[in-house]
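Working notes, structure below.
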Amino acid sequence: MIEITDIYGRAFKTLRVSLTNTCNLGCVYCVDESDQNRFQKQDILSSNELITQKALSVDEFIEVIRSLHEILGLETLRLTGGEPTLYRDLVPLLKGIRGIGISAIKMTTNGYLLSHKIEQYAEAGLTSLNISLDAIEPEPFFQMSRRRNIQKILEGIIRAVELGLEVKINCVVMKGLNENQIIPLLNFAQRYNIRIRFLELMQMGHLYGNFEEYFFSEQDILDVIAAHTSFVTLPRDPSATAKYWELANGYQFGIISNESDPFCNDCNRLRVDSYGNIYGCLSDNTSIPVHEHLNEPDIMEEKLRQALSKKKKKFSGSTLSMLAIGG
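See the structure below:
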């Protein structure tokens, strides 16, 4: 393991791996309406790179993760997308990652296909789930995701809880679209003892530089909840993305305030896309290829230092598509 830190003392300890840039939902903050049936990698890659790059196989993913773990001593790995459950070899990949020795293997999913294979995922080594759920009522859900059949997602959430997996719900709140879902989602999460985090909209992808119309701040979210119940503020854990509050009954909810209160000072995240490129910061769309240098420690260390140098002191967003990098 090599000690790689930047001038602020930040180091990579969490790896987020985007398995695919495809998705079975069309969430409005992720996919531009005019582009929802096609995804253009030009947001990240040049046309020349588009011609030469292909998505990694299971074995290639495992080797990339193993190499990064040996250098960085990773503590947590999170699988993202696009939608990671669309990756057809997800179960073999989970088994391979478990063999590397990373203690926490997590996944962020929209939950749409979860009920079909959640038992297999748990047996293969998955330890926890973040499930993106931006509404719990059918019409607001359709407005946010451009899809129907929310019941499939709710069944998957409940089944994951029954299996004993650690489950969290993530809700991106957008003004004029789903702020009326904050309390129904909070009530649902309490009923099943699931921790929920409400997310401020991020300046990413097609919304970069043009997100104010839909922005609903941390304070706006707290105001909605305060109109229904009282709560107290809890201390924030180092490197945590969310701040938490506790209701009078002991239930805790969180808010991820990328805009109002960025958590960049102690960010420890490194991202890998489905092509084997690493990204040091969501506010910088520079992709750094590593999959061809896994057996060259000096080059790998140089590329990791380059990625770490891209970390900004404060989040400012970028044109990176959430479909490709997974947030």
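So the sequence shown is numbered by UniProt numbering: it starts at 1 and just counts up by one. Idealized CB from N, CA, C, for every residue including glycine. Predicted model, so just to flag it, every value in this text is computed and none were measured.
Residue nearest to E123 within the set I278, L94 and L308 is L94 (criterion: CA-CA distance). In the three-state DSSP reduction, V17 falls in the strand class (E or B). The residue from K313, G327, E301 and K314 with its alpha-carbon nearest to that of L72 is E301. Taken in chain order, the whole beta strand (DSSP E) runs of length 3 or more contained in the segment 230-275 are 231-233, 243-247, 252-256 and 269-272.
With contacts defined by Cβ atoms closer than 8 Å, L126 and L165 form a contacting pair. Here DSSP, grouped into helix, strand and coil, assigns Y8 to coil. In the structure shown, the three-state DSSP call for A122 is helix. Of the residues assessed, P138 falls on the exposed side of the cut-off, its CB having fewer than 16 other CB atoms within 10 angstroms. In the structure shown, the three-state DSSP call for L304 is helix. With a minimum length of 3 residues, the unbroken runs of beta strand (DSSP E) contained wholly in the segment 150-215 fall at 166-173 and 195-200. A straight line joining the alpha-carbon of D220 with that of A189 spans about 20 Å. Its chain contains G26 as the residues whose beta carbon lies nearer than 6 Å to that of R146, once the 5 sequence neighbours on both sides are disregarded; these appear in chain order.
The distance from the Cβ of Q181 to that of I136 is about 6 Å, consistent with a contact at the 8 Å cut-off. Taken atom to atom, the span from the alpha-carbon of G327 to that of C267 is near 13 Å.
Note on S257: 16 or more other CB atoms within 10 angstroms of its CB, so buried under the neighbour-count rule. By the CB criterion at 8 Å, I196 and L186 fall inside the cutoff. L86 sits in a helix when the DSSP states are folded into three classes. With a 10 Å radius around the Cβ and a threshold of 16 neighbouring Cβ atoms, M174 comes out buried. Assignment of K311 by DSSP, reduced to helix, strand and coil, places it in the coil class.
Note that the C-beta distance between E259 and F215 is below 8 Å. The distance from the Cβ of C281 to that of K303 is about 14 Å, inconsistent with a contact at the 8 Å cut-off. The criterion of a C-beta distance shorter than 8 Å is satisfied by I118 and G156.
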